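Since the structure comes first, as structure tokens, the remarks are kept for the end.
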Amino acid sequence: MVRKLNIVLLLIINLIYGQIPNYWSTYFEKSNFLETPRYSETIEYFNKLDKHSEFGKIISIGKSAEGRDIYIFIASKDKAFTSRKAKLTGKPIIFIQNGIHAGEIDGKDASMLLLREILVTKEKFHFLDDMILVIMPIFNVDGHERFSPYNRINQNGPEEMGWRTNAQNLNLNRDYMKADSPEMKVWLKFFNEWLPQVFVDCHVTNGADYQYELTYSSEKHNNVHPILGHWIKNEFIPFLELEMSKAGYKIAPYMWFRGDEVEKGIIDGITPPRFSTGYVALHNRITLLIETHMLKDYKTRVFATKEMIEAVLKKVSQERKNIIDLIEKVEKLSLEELVYEKKYLPIRFQTSQESEKFTFFGYKYNKVPSIISGKDKIVHTNEKIEMEIPLYNKHITIDSVNAPPAYLIPPAYSNLVDILKLHGIKSEKIRTRKKFIVEKYKFSENTTWQRRPFEGRIQVNTTYEIFQDTVIIPTGYYYINPYQKNIKVLMHLLEPKSSDSFVAWGFFNSIFERKEYYEDYVMEKIAEEMYNSNEKLRIEFENKIKADSLFANNPNLRLEFFYRNSPYFDKEWLVYPVMRVVKILE
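For the sequence shown, position 79 matches number 893 in our numbering, and the numbering has no gaps at all.
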């Protein structure tokens, strides 16, 4: 009887699993590798994975601007589906992000195929012995549903795809620091709770034609700690290149061309923190940007992306403990160096003129006159070529800043504290009046703004002078101790030198506006009184008249001189409200 039951059970299992190839086929596969599924069909597939395997779980981490859920899928052999449980396992967390530019959606379909092999067929289940896999199927969910065959003019498939920006026309991959979009607010909260050791962001490139199916970038230069940068350069990248070569793919550093022709070379650059990998690098994490080549067919691109992700997982499997130890070491060193050793944080960089030879695998092209544009156009052929071109992969730090003992933010700017909290940065409110010696920044009157908005903001170009002041700070101010894991993010946001600071993004544009002015007839009287009663000021005024003809012949400038030296002039004009603490007096 038991034997018959076993036979029946075996037949049932065979019947069920006999349907798996079709049941588990993705939309991408069913379309003969030409299409990608819509949002609802995508999430349905991830829900199926959740229901099928006790080792996978899909969760919503928040809503988009149009109210769609933004989902994360977690694969964990330990069923560690919360950040707390995940960290207790001692395993590295790998975060694969897809669809931040929803037209560049290769990673989503690659992730479905990979998860099926891990959780369903289990041929790659062993990856979960050594890591926890976190996958974001679609980040820009609203842009994803702006489906059209015409969203990516330079791209060869899929037949229809999503749009680059979110429903507010914001490019999420410029929003990591300023966090204007609801999607980014959700992402930051999730990321800073989980703090994955490895981050992979999947894209499709624009640019020239070449033989490479995939190009990549990993932050490893002056914007990361030298110890981490050394490991990425000498261990991580060579491993990925070797694995992809074994799989039959040509890959190369991201094609950021130095000029308008390939022969001028490419730059292996440093990514600012407004971008995904630049932001994650500030957290002392390993980053990888995947850029499949736009002109390769969709099937080729998806499988190349999948192969590259698998190469990352293989490396993590091999060096699970080393990666955990490496990042913990770099986190500790970065914090101690910036806070206790008073080392400067590099924030602005310039590409060196030094280069090394790089063999570029491209296609021969000709320049022919265009009757449309009136200039020479580039026409690529199918003829494969190899050429030696310069690779510029060395960078000079051109500006840096040191960390103060603390920052003070007025309560009027609590919106900044809310954003800092999303970044995992803690602050405390001052509960009793305190006296400080502080450093203040005063911005130049020659500050300029961009003529057009960028990502919904008018950016600022400014310089400043630093001066010390003794201040009594009332209750309600926010006190921020920089001794925190995310110190680099904190400094980039609060230090105006940074191109991704709150100042640079226009959060403080109002402080550049002068709000009070004088009537000439009133100022004439006050200026005359000042002239007669203040000998030092009178001598300075008369010397200025003798030395500066422009001043001498301009009535407005002459009156302005006295106004600025009067108690009526706004001493807070152009002064940055965020202060750097030098010393606590009482």
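Ideal Cβ placement from N, Cα and C applies to all residues, glycine included. Just so we're clear, the structure is a prediction, and the values are computed from it rather than from any experiment.
*Burial state of residue 918, where buried means 16 or more other Cβ atoms lie within 10 Å*: Here residue 918 is taken as the residue at index 104 of the sequence shown, counted from 1. Buried is the call here.
_DSSP three-state assignment for residue 1159, whether helix, strand or coil_ = Residue mapping note: residue 1159 aligns to position 345 of the sequence shown, counting from 1. The DSSP-derived three-state label of residue 1159 is strand.
_Helix, strand or coil for residue 1239? Go by DSSP, reduced to three states._
If you number the sequence shown from 1, residue 1239 lands on position 425. Here residue 1239 sits in coil by DSSP.
*Mark residue 1486 as exposed unless 16 or more other C-beta atoms lie within 10 angstroms of its C-beta, in which case mark it buried.*
Not covered by the structure: residue 1486. The range shown for the chain is 815 to 1400.
*State buried or exposed for residue 1044, treating a residue as buried only when at least 16 other CB atoms are found within 10 Å of its CB.*
By 1-based counting over the sequence shown, the position of residue 1044 is 230. Residue 1044 is exposed by the Cβ-count criterion.
*Roughly how many whole angstroms lie between the Cα atoms of residue 1122 and residue 1323?*
On the sequence shown, position 308 is the one that residue 1122 refers to. On the sequence shown, position 509 is the one that residue 1323 refers to. If I take the Cα positions, the gap works out to 43 Å.
*Does the count of Cβ pairs from the segment 1083-1091 and the segment 1009-1020 closer than 8 Å reach three?*
yes
*Beta-carbon gap between residue 1330 and residue 1293 smaller than 8 Å*: As a first step, residue 1330 must be located in the sequence shown, where it is residue number 516. As a first step, residue 1293 must be located in the sequence shown, where it is residue number 479. Cβ distance not < 8 Å, so residue 1330 and residue 1293 don't count as in contact.
*How far does the beta strand (DSSP E) with residue 893 in it reach, from first residue to last?*
Taking the first residue of the sequence shown as position 1, residue 893 is located at position 79. It is not in any beta strand (DSSP E) - residue 893 carries neither H nor E in the DSSP assignment.
_Of the residues 1382, 1130, 997 and 913, the one placed nearest residue 812, counting alpha carbons only_ = Residue 812 is absent from the structure shown; the chain starts at 815 and stops at 1400.
*Inter-residue Cα distance where the pair is residue 997 and residue 1142*: For this step, residue 997 is matched to residue 183 along the sequence shown. For this step, residue 1142 is matched to residue 328 along the sequence shown. Taking the straight line joining both Cα atoms gives about 29 Å.
*For residue 1209, which residues does DSSP report across the bridge?*
By 1-based counting over the sequence shown, the position of residue 1209 is 395. DSSP output for residue 1209 lists 1165 as bridge partner(s).
*Span separating the alpha-carbon of residue 906 from that of residue 1049*: Residue numbering aside, residue 906 sits at position 92 when the sequence shown is read from its first letter. Residue numbering aside, residue 1049 sits at position 235 when the sequence shown is read from its first letter. One C-alpha to the other measures close to 17 Å.
*Among 952, 930, 836 and 1182, which one has its Cα closest to the Cα of residue 870?*
Here residue 870 corresponds to residue number 56 of the sequence shown, with the count starting at 1. Residue 870 has its Cα closest to that of 930, out of 952, 930, 836 and 1182.
*Could you check the C-alpha separation between residue 1353 and residue 1385 for me, to the nearest Å?*
Along the sequence shown, read from residue 1 onward, the residue named residue 1353 stands at position 539. Along the sequence shown, read from residue 1 onward, the residue named residue 1385 stands at position 571. Straight-line Cα distance between these residues: approximately 23 Å.
_Using the Cβ count rule (16 or more neighbours within 10 Å means buried), how would you classify residue 1390?_
Locating residue 1390 in the sequence shown gives position 576, counting from the first residue. It is buried - the Cβ of residue 1390 has at least 16 other Cβ atoms within 10 Å.
_Between the alpha carbons of residue 860 and residue 1198, how many angstroms are there, rounded?_
Along the sequence shown, one-based indexing puts residue 860 at 46. Along the sequence shown, one-based indexing puts residue 1198 at 384. Cα to Cα, residue 860 sits roughly 40 Å from residue 1198.
*What does a CB cutoff of less than 6 Å around residue 874 pick up in its chain, not counting 5 residues either side in sequence?*
Looking up residue 874 in the sequence shown gives position 60. 883 and 885.
*Simplified DSSP assignment, three categories, for residue 1356*: As a position in the sequence shown, residue 1356 is number 542, starting the count at 1. Of the three classes helix, strand and coil, the one that applies to residue 1356 here is helix, per DSSP.
*At which residue ranges does the segment 906-962 contain complete beta strand (DSSP E) runs of 3 or more residues, listed in the order of the chain?*
Inside the segment 906-962, DSSP marks whole beta strand (DSSP E) runs of 3 or more residues at positions 907-911 and 946-950, from first to last along the chain.
*Where DSSP assigns a beta bridge to residue 1204, which residues make up the other side?*
On the sequence shown, residue 1204 is found 390 positions in, with the first residue counted as 1. DSSP lists 1171 as partners of residue 1204.
_Nearest candidate by alpha-carbon position, reference residue 1081, set 1094, 1066 and 1162_ = Translated into the one-based positions of the sequence shown, residue 1081 becomes position 267. Comparing Cα-Cα distances from residue 1081 to each of 1094, 1066 and 1162, the minimum goes to 1066.
_For residue 1159, tell me which candidate among 1263, 1232, 853 and 1302 has the shortest Cα-Cα distance._
Position 345 of the sequence shown holds residue 1159. Out of 1263, 1232, 853 and 1302, 1302 has the C-alpha closest to the C-alpha of residue 1159.
*Going straight from the alpha carbon of residue 1170 to that of residue 1205, what length do you get?*
Taking the first residue of the sequence shown as 1, we reach residue 1170 at position 356. Taking the first residue of the sequence shown as 1, we reach residue 1205 at position 391. Rounded to the nearest angstrom, the gap between the Cα atoms of residue 1170 and residue 1205 is 5 Å.
*Please name the residue in 1100, 1062, 1126 and 1155 whose C-alpha comes closest to that of residue 1140.*
Locating residue 1140 in the sequence shown gives position 326, counting from the first residue. With distances taken between Cα atoms, residue 1140 lies closest to 1100.
_Counting C-beta neighbours from all protein chains within 10 Å, is the total for residue 1333 16 or more, i.e. buried, or is it exposed?_
For this step, residue 1333 is matched to residue 519 along the sequence shown. Exposed: under 16 other Cβ atoms inside 10 Å.
_Length at least 4, wholly inside the segment 1354-1398: the alpha helix (DSSP H) runs in chain order_ = Listed in chain order, they are 1363-1366 and 1369-1378.
_Taking 8 Å as the threshold (C-beta atoms), are residue 888 and residue 948 in contact?_
Here residue 948 refers to the residue found at position 134 when the sequence shown is read from its first residue. Here residue 888 refers to the residue found at position 74 when the sequence shown is read from its first residue. Yes; because the gap between Cβ atoms is below 8 Å, this pair is in contact.
*8 Å contact criterion, which residue 1072 and residue 1062 should meet: CB distance rounded*: Looking up residue 1072 in the sequence shown gives position 258. Looking up residue 1062 in the sequence shown gives position 248. About 29 Å; that fails the 8 Å criterion.
*Find the nearest neighbour of residue 1168 within the set 1181, 1027 and 1203, judged by alpha-carbon distance.*
Residue mapping note: residue 1168 aligns to position 354 of the sequence shown, counting from 1. Minimum Cα distance to residue 1168 is reached at 1203.
_Per-residue burial, residue 1341 [other beta carbons within 10 Å of its own, 16 or more giving buried]_ = Position 527 of the sequence shown holds residue 1341. Buried, since its Cβ has 16 or more Cβ neighbours within 10 Å.
*Drop a sphere of 10 angstroms on the beta-carbon of residue 1189, count the other beta-carbons inside from all chains shown, and report buried for 16 or more, exposed for fewer.*
For the purposes of this step, residue 1189 is identified with residue 375 of the sequence shown, where counting begins at 1. Answer is exposed; the Cβ neighbour count stays below 16.
*Pick helix, strand or coil for residue 1116, following the three-state DSSP scheme.*
Taking the sequence shown and counting its residues from 1, one reaches residue 1116 at position 302. Helix at residue 1116.
_Straight-line Cα distance separating residue 1373 from residue 1036_ = Start at 1 with the first residue of the sequence shown, and residue 1036 comes out as number 222. Start at 1 with the first residue of the sequence shown, and residue 1373 comes out as number 559. If I take the Cα positions, the gap works out to 49 Å.
*Distance, Cα to Cα, residue 1379 vs residue 1084?*
Walking along the sequence shown from the start, residue 1379 turns up at place 565. Walking along the sequence shown from the start, residue 1084 turns up at place 270. Computed Cα separation, rounded: 45 Å.
_Distance, residue 866 Cα to residue 822 Cα_ = Residue mapping note: residue 822 aligns to position 8 of the sequence shown, counting from 1. Residue mapping note: residue 866 aligns to position 52 of the sequence shown, counting from 1. Because the pLDDT of residue 822 is 48, which lies under 50, any placement of that residue in the model is unreliable, and the question is left without a value.
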